[in-house]
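I have placed the structure first, in the form of structure tokens, so that the comments after it can refer back to it.
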Amino acid sequence: MGRKRLTTRAAYRRALLESVHYALADEIHQSLVPHRASDIWDFAADCAGALLGSLLYRLLALRQRPSPSTSAAPARPR
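Take the position in the sequence shown, starting the count at 1, then add 9; the result is the number in our numbering.
Structure follows, in structure tokens:
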């Protein structure tokens with residue numbers, strides 16, 4: 010059984026979803042630790058950071074991708 014390859018969009022969604030799950034698990038864990046408190050605003054900040062990081066990575070990846078005009082065969086001189 011081979012692994013199914015994710016599309017780029019699906020990979021970003023999955024990474025963001027896993028980040029949100031991790032943030033939620035962290036807040037639940039903090040509520041169980043003595044002298045620690047769980048906070049919805051901390052969870053929101055974690056989610057916002059995951060979204061911002063994902064968007065920044067995507068923007069940088071798009072800047073690194075060669076444009077279609079530069080990857081095409083060179084034009085012949087007239």
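For glycine and all other residues, C-beta sits at the position ideal for the given N, C-alpha and C.
Residues near residue i by beta carbon distance below 8 Å, same chain, minus five either side
{"i": "Ser47", "result": "Glu36, Ile37, Gln39 and Ser40"}
{"i": "Leu65", "result": "none"}
DSSP-derived helix/strand/coil call for residue i
{"i": "Thr16", "result": "coil"}
{"i": "Asp48", "result": "coil"}
{"i": "Arg74", "result": "coil"}
Same chain, Cβ closer than 6 Å to residue i, five either side skipped, listed in chain order
{"i": "Tyr21", "result": "Ser63"}
Residues near residue i in its chain [Cβ-Cβ closer than 7 Å; skip 5 each side]
{"i": "Leu33", "result": "Phe52"}
{"i": "Ser28", "result": "Ala59"}
{"i": "His44", "result": "none"}
Cβ-Cβ distance between residue i and residue j below 8 Å
{"i": "Leu25", "j": "Leu68", "result": "no"}
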